[in-house]
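To start, the structure itself, in structure tokens.
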Amino acid sequence: MTQKIADEMDRRILRELVSDARITNNELAERVGLSPSPCLRRLRRLEETGVIRGYTALVDPAIEGWTMTAIATVRLSRQHEDEIVMFEEAIRGWDEVLECHLVTGSRDYVLKVMSTGLDHYERFIKDKIARLKCVASIETSFVMNTIKERRI
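For what it's worth, the UniProt record's numbering labels the leading residue of the sequence shown as 1, then goes sequentially.
Below you can see the structure in the form of structure tokens.
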């Protein structure tokens, strides 16, 4: 199997791209101390091996009216395959759910949910999550302020 990250130079390239994915190859090469051609070869290899999965724009959620963030924990009634599939398929189709993580402990899933406000969040819980027969309980905490947010 091919090694995905060859060395510290690959890590330097990745750090620069995390900081600014729109950087030109020439600027990237200069920042990491390579000439443009080897830098581009490394970049293409990182993309081809799946280390870099894609590029995206980070948009202010308020532009779309998403002003409230909630962290919801969900416990399923049973951990049977059919209920797990039902829950996960439903979650994938809901725009409000930005992240969904299967976790250990007393809860089964942790969700990061965005809404336009408390009324919208209440409708989301009542009309979507609570209607799933596999959901035993939902517990919500609302984000008051984001102290640190980092994407890698």
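Beta carbons: idealized from backbone N, C-alpha and C, even for Gly.
Keep in mind it's a predicted model, so treat the numbers as computed, not measured.
{"query": "Range covered by the beta strand (DSSP E) that runs through Tyr-109", "result": "109 to 115"}
{"query": "Segment contact, 8 angstroms Cβ cut-off, at least three pairs: the stretch 33 to 51 with the stretch 80 to 93", "result": "no"}
{"query": "Distance, Arg-151 Cα to Pro-38 Cα", "result": "26 angstroms"}
{"query": "Contact under 8 angstroms by Cβ, Lys-112 with Ile-71", "result": "yes"}
{"query": "Any beta strand (DSSP E) of 3 or more consecutive residues that is wholly inside the stretch 42 to 106", "result": "68 to 76 and 97 to 102"}
{"query": "Buried or exposed (CB count within 10 angstroms, at least 16 for buried), Ser-115", "result": "buried"}
{"query": "Short Cβ contact (8 angstroms threshold) for Glu-89 with Phe-124", "result": "no"}
{"query": "Asp-7 burial status per 10 Å Cβ neighbour count (16 or more: buried)", "result": "exposed"}
{"query": "Distance between beta carbons of Ile-13 and Leu-40, contact taken as under 8 angstroms", "result": "That belief does not hold up - the Cβ atoms of Leu-40 and Ile-13 are roughly 10 angstroms apart, past 8 angstroms."}
{"query": "Close-in-space but distant-in-sequence residues of the same chain around Glu-139 (CB under 6 angstroms, 5 per side omitted)", "result": "Thr-73"}
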